[in-house]
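The structure appears right after this line, and notes come after that.
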Amino acid sequence: MSEKRNETTPEYGFWMSLGLKSAALFYQEQNAARMERAARVFCESWKNRAPFSVERGLPSRFVDEARIEGDCGDLWGFWVDDSGLIHFDGEKFSGLQELYRTDPVASGILERAARDGSVPQELFPGRYWHCGTHKVADIPFLLESGYRGYLEKIEREERGASPKKRSFLRGMRDVTLALMDYFRRCARSFREAYERTGDERYGALADALFRVPEGPCASFREAVIVVRILNLLCDSEFGRIDQYLYPYYRKDVEQGRLTREEAKGLLADLCRFVNRDGLVWHQVVGGCGRDGKPSYNELTELVLENAPLFAHPHISLRVREDMPKELWEKALRTIGTGCGNPALVREDLFIRDLERTYGVSKEDARDFAFGGCSEIMIPGKTNVDSTWCAYNVLEVLLETVYTKLEETDSYEELYEKFCGEIEITVEEMTEHINIRQHLKGAFWPDPLLSLHTAGCIESGKGFWEGGALYNFDGADLFGNTNAVNALGTLKALYAGELGVGKERFLKALREDFKGEEELLHSIKRLPKFGNGDEELRRIAGEFTAFLFSCIRGKRTWRGDGWFVPDIVQWITYGPLGCKMGATPDGRRRATPLADSSGATPGTDENGPVPLLTDCSALPHEQGCGTLVLNMRLAQECFSDGLIGKLEDLFRGYFRMGGSQVQVSVLDEKTLQDALEHPEEHRDLIVRVGGFTDYFYRQTREIQRSIVERVAHKAE
331 MSEKRNETTP
341 EYGFWMSLGL
351 KSAALFYQEQ
361 NAARMERAAR
371 VFCESWKNRA
381 PFSVERGLPS
391 RFVDEARIEG
401 DCGDLWGFWV
411 DDSGLIHFDG
421 EKFSGLQELY
431 RTDPVASGIL
441 ERAARDGSVP
451 QELFPGRYWH
461 CGTHKVADIP
471 FLLESGYRGY
481 LEKIEREERG
491 ASPKKRSFLR
501 GMRDVTLALM
511 DYFRRCARSF
521 REAYERTGDE
531 RYGALADALF
541 RVPEGPCASF
551 REAVIVVRIL
561 NLLCDSEFGR
571 IDQYLYPYYR
581 KDVEQGRLTR
591 EEAKGLLADL
601 CRFVNRDGLV
611 WHQVVGGCGR
621 DGKPSYNELT
631 ELVLENAPLF
641 AHPHISLRVR
651 EDMPKELWEK
661 ALRTIGTGCG
671 NPALVREDLF
681 IRDLERTYGV
691 SKEDARDFAF
701 GGCSEIMIPG
711 KTNVDSTWCA
721 YNVLEVLLET
731 VYTKLEETDS
741 YEELYEKFCG
751 EIEITVEEMT
761 EHINIRQHLK
771 GAFWPDPLLS
781 LHTAGCIESG
791 KGFWEGGALY
801 NFDGADLFGN
811 TNAVNALGTL
821 KALYAGELGV
831 GKERFLKALR
841 EDFKGEEELL
851 HSIKRLPKFG
861 NGDEELRRIA
871 GEFTAFLFSC
881 IRGKRTWRGD
891 GWFVPDIVQW
901 ITYGPLGCKM
911 GATPDGRRRA
921 TPLADSSGAT
931 PGTDENGPVP
941 LLTDCSALPH
951 EQGCGTLVLN
961 MRLAQECFSD
971 GLIGKLEDLF
981 RGYFRMGGSQ
991 VQVSVLDEKT
1001 LQDALEHPEE
1011 HRDLIVRVGG
1021 FTDYFYRQTR
1031 EIQRSIVERV
1041 AHKAE
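Quick note, the numbering used here runs 330 ahead of the 1-based positions in the sequence shown.
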């Protein structure tokens, strides 16, 4: 730690007398910045942490939790973890408060701590359902500069810094030094293991850890080790892995220290760890470099060659007009194996929107990547609550129908009221999210993410406090396709095409169409999005553009950033739909919503061209949060004679304005058998929402929605 701490304050002594060591460290200097206080806990938590386990010569996983030895936090229901987050059990803690009820000073200390502890537990209420945050650490900086580079950066920022920033930077220095100490201890431990066993994998890893991550990487293997370390430390996803690793690959190959197959094996090892954990993580390959020039390289190919081996991490291939034809073929043949990867992404739409709308520099915009399913971020420089808010468009429409249908005389009048309620609820959503952001920023220092994200050291603010260079919040829109189809139904209702009045229509919705089979059949016969109907395509384009416009102008509390619209959806389209009643598009009660920006599963019956044409009408250029399009194609589309036509199909989609497409290649018989016997198909990989995963891991409703997708054939 950078300087001696005051351990004589009464509050420190009180907490230590109770055995609450993490609380003692956190509260011993309450005038310090929260980051410095959190760093104190971090350093003590990591001081005796065991070395990580080793597998295939790489860091595998932590074998213990980062906790302070002898801390009695579990006993009394109050402890601070190494990220500075307070863990609070009100029932246990009330017992402690009762013991000191007659001591005004002690009870005051405990009362303040209880208030601190209660706040982080209240971060997750509200109508706008959400999950968490994906992130990519500043991998290139650690590869090129090591932790010594962070110490130098901290020293530069201390010059002329305000008292609060200096306190923040002291915390960052303490964390950096604690990490350097931890990896030195790992190196010594693995050196001893090598001397004891003669296992070269321990010896090679020890040699590497004596150099990195404290200093810069000198080889491809060292770079891969550091990538895995960041993956372990702060759940960092891989970002643009073929770009930042390529200089090390090229140098080692040229000097005869590395072969193509060895590099491929190391990349596969990284994926193997992620795949085993089953987490929704992402790696991005291809596209342009920061200079705007095409940057496809041999590592791009190696990542694609490994793709059929794993469901995770998800892969996106950034596509340009000048992407080599050979790479198109490799990508399509990889998809044709049935692995679900890579997703194809038209990069120029993302670059343009990031730069023009969200103030991202040209070089950084060119460097965009994804996290999780397909959530946009500038790697190493962004905090994006990428699955933070789920805005259920269909739920808002259903509420409008129940409360406004009978009082309106035309579709146009109802649509106007619906749009007004979209504005109200989007405003409410952003207000709720910003309150949560503020709470999170005030109470969660998160030293690891703050250290490894560009902008935090420079600004003197933590990751959740707005310190990252770019701050976004992905407003994930659910049920958009259902809402478009529902608007088509409502238009037909006003036109008298359904043969029922408003009162009967509402009654049918309330009763899940029971006894109204003919009405339901009439609704099913109406045109559905994804089949080339011009009027429905117009409705989809105009409504989605309006919805996006309501979101795009909203600012976040954190870092004065931006709300970014997306249609990604993870697996959440299942539970959100299963908590809703029947809807005007003919969807039955407690069934999943449409799973992406494409057609409702089973309704796109006219082939891939109408589906892609309809999807291209959506405002992709305004949705850089990503408009995921899930397609299912028949295996025959990937035959030698048709694969060129498939390339033309996707090129055509991008030229029409589409931004992203991801494909499942599965035959009907296999899917049906997997539905009946999921445990017998444990290696079956499918597209779910915006990511790939194993079919057997999905809930029954998600499995059924995948089976219902139409498998388009060659036209």
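All C-beta atoms in this analysis are idealised placements derived from N, C-alpha and C, irrespective of residue type, glycine included.
- 8 Å or more divides the Cβ of Asp806 from the Cβ of Gln952.
- The criterion of a C-beta distance shorter than 8 Å is not satisfied by Val466 and Gly860.
- Judged by their CB atoms, Phe540 and Cys601 are not nearer to each other than the 8 Å cut-off.
- Judged by DSSP secondary structure, Asn378 falls outside any alpha helix (DSSP H); it is assigned neither H nor E.
- Its chain contains Gly916 as the residues whose beta carbon lies nearer than 7 Å to that of Lys854, once the 5 sequence neighbours on both sides are disregarded; these appear in chain order.
- Ranked by how close their Cα comes to the Cα of Trp611, the residues Trp658, Gly702, Cys547 have Gly702 in first place.
- Contact between the region 580–592 and the region 605–623 is absent: fewer than 3 CB-CB pairs across the two stretches fall below 8 Å.
- Taking a contact as a CB-CB distance under 8 Å, the pair Arg370 and Phe356 counts as one, their CB atoms being some 7 Å apart.
- The continuous stretches of beta strand (DSSP E) do not include Asp468, and DSSP gives it neither H nor E.
- By alpha-carbon distance to Asn561, the top candidate from Met986, Leu388, Glu841, Arg686 is Leu388.
- Per DSSP, the unbroken alpha helix (DSSP H) holding Phe873 starts and ends at 864–882.
- With 16 or more other CB atoms across the displayed protein chains lying within 10 angstroms of its CB, Gly928 is buried.
- An exposed status is given to Ser740, since fewer than 16 other beta-carbon atoms sit within 10 Å of its beta-carbon.
- By the neighbour-count definition (other C-beta atoms within 10 Å, threshold 16), Pro940 is a buried residue.
- Taking the CA atoms as reference points, Lys692 sits about 15 Å from Thr712.
- Within the region 950–995, complete alpha helix (DSSP H) segments of at least 4 residues are found at 973–986, given in chain order.
- Scanning its chain for C-beta atoms nearer than 6 Å, with the 5 sequence neighbours on each side dropped, one finds around Ser704 the residues Val898, Thr956, Val958, Gly1020, in chain order.
- The closest CA to that of Ser390, considering only Val726, Glu966, Val604, is found on Val604.
- Between the alpha carbons of Ala695 and Leu684 lies a distance of about 6 Å.
- Judged by pairs of C-beta atoms under 8 Å, the region 990–1002 touches the region 962–979, as three or more such pairs exist.
- By the C-beta density criterion, Pro922 is buried, having at least 16 other C-beta atoms within 10 angstroms.
- For Cys618, the three-state secondary structure derived from DSSP is strand.
- Note that the region 655–674 does not touch the region 930–946; fewer than 3 beta-carbon pairs, one per stretch, sit closer than 8 Å.
- Rounded to the nearest angstrom, the gap between the Cα atoms of Gly586 and Lys594 is 16 Å.
- Rounded to the nearest whole angstrom, the C-alpha separation of Pro543 and Thr733 is 60 Å.
- Secondary structure note for Ser646: its beta strand (DSSP E) is the uninterrupted segment 644–649.
- Partner residues in a beta bridge of Glu848, as assigned by DSSP, do not exist.
- A Cβ-Cβ distance of about 6 Å is found for the pair Ser448 and Phe418, placing them in contact under the 8 Å criterion.
- Between Cys954 and Phe700, the C-beta spacing is not below 8 Å.
- Excluding its 5 nearest sequence neighbours in each direction, Ile484 has C-beta neighbours in its own chain below 8 Å: Leu499, Met502, Arg503, Thr506, Ile787, listed in chain order.
- The criterion of a C-beta distance shorter than 8 Å is not satisfied by Asn378 and Glu359.
- Within the region 472–543, the complete alpha helix (DSSP H) segments at least 4 residues long are 493–527, 530–539, listed from N- to C-terminus.
- Contact annotation: Phe980 and Val894 have beta-carbon atoms that are not nearer than 8 Å.
- With contacts defined by Cβ atoms closer than 8 Å, Ile973 and Glu659 form a contacting pair.
- With a cutoff of 8 Å on beta-carbon distance, Leu575 and Ala553 are scored as near each other.
- A Cβ-Cβ distance of about 22 Å is found for the pair Asp401 and Ser437, leaving them out of contact under the 8 Å criterion.
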